[in-house]
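Have a look at the structure below, then the notes.
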Amino acid sequence: MEDINDDIAVVGIGCNFPGGEGLDSFWKVLSEGKNCVVEIPTERFDTTSWYDPDGSKPGKTQTTRAALIKGFNEFDHRFFGIIETEADLMDPQQKLLLNCTYRTLEDAGISMESISGSRTGVYIGDCEMALCGGVSCIIEPGVFVALSKAKMISPGGTSRPFSIEADGYGRGEGCGVVLLKPLKDAIKDYNKVWGIISKTAVNQDGHSVTPVTKPSMTQQQELLQSIYSESDIARVQYIEAHGTGTTAGDPVEAGSISNVIAKAKSPESARLRIGSVKGNIGHAESAAGVAGLIKIKKVESVLQRHKGISISQWLNGEDENDDISTPSVVQPLLFAIQVGIVAVLKHWGVTPDIVLGHSVEEVLENLPDFYGKVCVAAFNSPQSCTLSGDADAVDSLHEKLRVVFSDRNLFVHELDVPAAYHSHMMDPILDDIEKNVKVQRDVVFVEIGPRRALQRNIQETLGNCTVVLPTVQPGSSLDAVMSTLGKLFELGFEYGPVFKQLDNVHFGDDFREAVTVIQVPDEILKQLHEYFIHPVLLDYFLQMTAAVAMRKQRARPGFPTAIGSVRISGRLQEKMVMYLRATKDTPNILEVCGSFSTLEGHVLVELKGVGISFLGSRTEVESCFYHNELIAVPSERPFQNCHIKAVVFEDKLGIAEGLRPYLHAESVLVENKEHWMADELHKAVLHLCSTNVEMENVLFLWGVEDLSNLSSEKMLDSLVIYCELFCRIVLALKDSKRSFTVRVITHRSSETTVDRISPGFVLSGLTRACAAEMVDLSFQLIDLASVTGEDIMALVHVIHTCNLQEVVINKGKRRYGMRIINVQCDVSVPMQVTDAISKIEEAFPSSPIRGVFHSAAVLHDAFIENLDQSLFRKVLQPKVKGAINLHRATLHKGLDFFVCYSSISSFIGNPSQSNYAAANSFLDMFCHYRRNLGLTGQSINWGPLNVGLLLNKDHFQKFLEAKGMMVMDVCDIHEALEKSLTLNRPQQVICKFNFKNLNIHVLSQNASLRDRLAALVIIGLKGDTNIAPDIEYTSSPHPHGNMRSIVSDTINVSEHDLNEDTSLQALGIDSMLAMTLQNKIFQETGVNVPLVWVIGWRSVSGVRRSPDGGESGSRSDNRQTGNHRQDTDEEGERENTRDS
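Residue numbers (UniProt numbering): 1 to 1140.
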């Protein structure tokens, strides 16, 4: 068994179970073997309309019997200070719980007044006592019906545990509450001990058995083996089992007990007995556990009384060895009687001013002359006390005490404070100064307080040359702290090695927590217990608090400014666990709580309200940080349930099937066939558009398949196919020359719900890119958390009423050495990734891999009509397969970070980059997927960077700035990366926006981007006073005359070198320059020319003839596929892993 220090004592019991209220009634039921099952009275519910012996009938229960308590819903509301109207509305279970809690405290000998304000937990927590219990009342018939359908309930309403006649469990009700306390404290406080809880354990069946309601013998045996040692088994006499009386549960439980305990006992040992209280009072469900505990503790008390000494034993004459005349007996007795008398008098409404009693030749004397004039502090030391009051009264009292206690040396000193700080912190100050400090020299005092209250006292005691440094002063506290710190360093103080002990700190980002093991240095071991908490240990805690703060606020300096409370419950040890957790997090303050505990987990010191304040404001680079935010949208007023007329690309998960009742009869469902050919699908969609002229909605449900268990190669194949098929559908809709709303519906592919890999990972970015490119179509992204009826109904509601672009439906409920090595591999090949990881581990055998940066990329831009599977595969392969291969190769390595370099393209969507947007949105959602699995993961959507493809490319950089995105240089990149890693969000967008250009040259031309980024741009423009409130776009009066000039400026060619027939392709205008030209035309003329038409022009004359994008412009029969850019394997597909 465990050491007594770990044991928990049951010191109070209160209960109300079938058979009568109170422990005596419960024991009578148990000792007489009563079965308390009765017919359910009509006051509960009318069983005649609910009962049917045929358990298969819907809405019916097989039984009309249960074990019920007497006096159901009876409650003395006045006793608990509750008004009658409130009591009438209270849950009967709450009333029952209050009654039993009072009886528990009464049984423990604890008054309601004394427990008020004490550290007593009602549920769970770090406390000195805990009230634990359960309650259950039978109020309505629904549970009976459910249990009947599950074949769990006994038709006779009676549980027969471990009986051959068992036919299910009978329901019962009741309430039980126990008061728990550490055994060592219970013995010290002379509590009655009903029994001892030496060990607890819990486990669960998991996926070991099906269905979930069936118990697992293997898991039950493991649980018993974890509780009982070999020596314990020999002493076990009785086991209170779960024993519900079901044919599925009882044999498994009996077998587990037999295999682990009965068979392990020696043949000569007593027979092991088992039982279950459910045979007497039924299955009380949420109160069943405490009923079994109370039963076994009552059995223990009958078999063997605890041998501790208590006042009750003295009063009952059970302890005959003590002489009642000795002080060790009579003083506690007299004190107990005095306290009891006061409690009774107060209960009767009489509050005595004072209680006098004789206690071994000492008399307490009342001092009426000073009543109301002198106050005594609530907390005082054993040798001194703090008084406050009128000066004359305090002086008079001092003189009287000096006369009365003439044989004692009374020390009195006035504290120069604006108010009486009556607290335990003041108790030891004067004695310590007088007795200890007086003999020391070269002592420097730092007074920590709201004013310099002790400076004069210290200097009067030790001499005026004693240095007393302040920490605050009116109006300039920070200056005072910095000045004091500087003087301390001048005097020779430094942050020495004894303060530099934090090592191997573990952080948890979900709850902003940290934990480490500290070893108290030898230098302070001798002083460890001379303080409530040694300053060095407190400094360790503050250091770790700062470390947690820096993980989010590294760019701003912070310093500790508050400690709310320190609670000490045990003696500090040489080696301890230090833990802290953030409780409040604002831009300017971080507040934490934490503890020092033993290695076994017993809390020794608890700190609360420890605050870190931050100076200054956020850095410039932080203004480049953006991320998605989900905003809860309340359901609008009920909509008219019109049927949805739509082309539905049917899924195999059941979403389309769930929508079927809400679809119009003319809706068309397109089956998700295994081998749709792209051209075949294109023709089919065009045909549907031509034959269904009133159709306006397209529901794309093909992206809900779970791909998690596929190999990276097969996963890539599936994603490529889905991308191509979606693009063919969109192109067919565009070619139909009609307006459609394309609603892309994914499953569990949002930031908060993702827990599997699906085509939704790429569809989000692909849809945004299509919305940016296909201006005549409307797009909406909808993610479903479940396929429940509630979420399907919400989906119907969204389709009918919601115009938001993206909707989520979720209604169903140290210092390090560094050595760099270069290991080259193709990150899209699993074996090469595995080999690379192995080589890194061989190179650093003592330093495991702690993190991964995934930055592989391949670009091949093209417009949607020119994209095929090969181009999707080329761009998706390094991103998708690279991420999957790295994920699987490092899955069990406990990484501290897994960073994927994504792109702004997946966040906002870029024309001609649909495949690249899809690839990067896979990384975005994959990192959310890892986070939801409990792993690290962060996707960074970088905007334009002056590295790689854009390095010193002034032409491209100017084009991007004209579009509203400025290029970040290397120093900005480094600072942003460090900040992003510190913030540690699952997805972080980092981009320098020129909001003026973005608003004028992009959002004005693209409705999709305008809707998505409008709120961001409004906020960004607020700081620019040069932006007029309203912006009008005007056309040049003579656009034809300056077209040659526009082309000249765009490609840096003299106008004289341009003639009417000069080929644009010959001038080197590719897709990127075409976008620049399009933008320039809009800036100069106000005419918005579709990009595909710009690319189609063969010559300058084509520009002149059709500046507004009319059909008269000359167009190429074969459009170019765009600028094909691909990194080399050395730069683009190399994967780096960093070890620490």
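By construction, the Cβ of each residue, glycine as well, lies at the ideal position given by its N, Cα and C atoms.
Quantities reported herein were computed from a predicted structural model and do not represent experimental measurements.
For residue i, three-class secondary structure by DSSP
| i | result |
| --- | --- |
| residue 1179 | Residue coverage of the chain in this structure runs from 1 to 1140, which leaves residue 1179 outside it and unanswerable. |
| Y238 | strand |
| G81 | coil |
| K184 | helix |
| P215 | coil |
| Q62 | coil |
| F605 | As written in the sequence, residue 605 is Val, which differs from the Phe given in the question. Looking at V605 - three-state DSSP - the assignment turns out to be strand. |
| F844 | coil |
| N672 | coil |
| M968 | strand |
| H422 | With a pLDDT of 44 at H422, under the threshold of 50, the modelled position of this residue cannot be trusted; read the value that follows with caution. Reduced to three states, the DSSP call for H422 is coil. |
| N697 | strand |
| F614 | strand |
| K874 | helix |
| N1118 | Confidence at N1118 is low in this model, with a pLDDT of 33, below 50, so the placement of that residue should be treated as unreliable; the coordinate-derived value is given next. In the structure shown, N1118 sits in coil (DSSP, three-state: anything other than H, G, I, E or B). |
| R273 | strand |
| S116 | coil |
| P1039 | Model confidence at P1039 stands at a pLDDT of 44, short of 50, so the residue's coordinates are unreliable and nothing is read from them. |
| Y626 | strand |
| A856 | coil |
| A862 | strand |
| A248 | coil |
| Q313 | With a pLDDT of only 43 at Q313, under 50, the local geometry of the prediction cannot be trusted, and the value read off the model is given with reservation. Note: Q313 maps to helix in three-state DSSP. |
| G109 | coil |
| S231 | helix |
For residue j and residue i, believed in contact at Cβ under 8 Å, the rounded distance
| i | j | result |
| --- | --- | --- |
| R65 | V37 | 5 Å |
| S163 | H283 | Not quite, the Cβ-Cβ distance comes to about 14 Å (not below 8 Å), so this is no contact. |
| I233 | A264 | 5 Å |
| A287 | G174 | 5 Å |
| I745 | I782 | 5 Å |
| S902 | Y916 | With 8 Å as the limit, S902 and Y916 do not qualify as a contact, their Cβ atoms being about 10 Å apart. |
| F779 | T767 | 5 Å |
| W702 | L725 | 7 Å |
| V178 | V339 | Not a contact, Cβ separation roughly 24 Å. |
| K192 | G109 | 7 Å |
Cβ neighbour criterion (16 or more within 10 Å) applied to residue i
| i | result |
| --- | --- |
| P1029 | Residue confidence for P1029 is low, a pLDDT of 34 falling below 50, so the modelled location carries little weight; the figure read from the coordinates is stated next. By the neighbour-count rule (16 or more Cβ atoms within 10 Å), P1029 is not buried but exposed. |
| L364 | Its pLDDT being 32, under 50, L364 is placed unreliably in this model, and the coordinates cannot settle the point. |
| H682 | buried |
| L951 | exposed |
| Y228 | buried |
| F671 | It should be noted that the sequence gives Glu, not Phe, for residue 671. Burial call: exposed. |
| T48 | exposed |
In DSSP terms, what residue i is bridged to
| i | result |
| --- | --- |
| T466 | In DSSP, T466 forms no bridge with anything. |
| Q93 | DSSP, once it has assigned bridges, lists no residue as partnering Q93. |
| E21 | N16 |
| W942 | S903 and I990 |
| A67 | V37 and G172 |
| residue 1156 | Within the shown structure, residues of the chain are numbered from 1 to 1140, placing residue 1156 beyond reach of any answer. |
| C375 | S388 |
| C642 | According to DSSP, C642 bridges with nothing at all. |
| Q459 | Paired residues: none, contrary to the question. |
| L131 | L179 |
| K584 | E591 |
| V808 | D783 |
The ligand ATP heavy atom lying under 6 Å from the CB of residue i
| i | result |
| --- | --- |
| D1049 | The ligand ATP is not part of this structure, which contains no ligands at all. |
Return the chain-ordered ranges of every beta strand (DSSP E) run that is complete within the segment 141 to 202 and spans a minimum of 3 residues. Counting whole runs of 3 or more residues, the segment 141 to 202 contains the beta strand (DSSP E) stretches 174 to 182 and 195 to 197.
What are the start and end residues of each continuous alpha helix (DSSP H) run of 4 or more residues lying completely inside the segment 504 to 565, in chain order? 522 to 525 and 535 to 553
Of all the beta strand (DSSP E) runs that stay within the bounds of the segment 673 to 752, which reach a length of 3 or more residues? For the segment 673 to 752, whole beta strand (DSSP E) runs of length 3 or above, ordered along the chain, are 697 to 700 and 741 to 747.
What are the uninterrupted segments assigned as beta strand (DSSP E) that are 3 or more residues long and contained completely in the segment 886 to 936, given in chain order? 897 to 903
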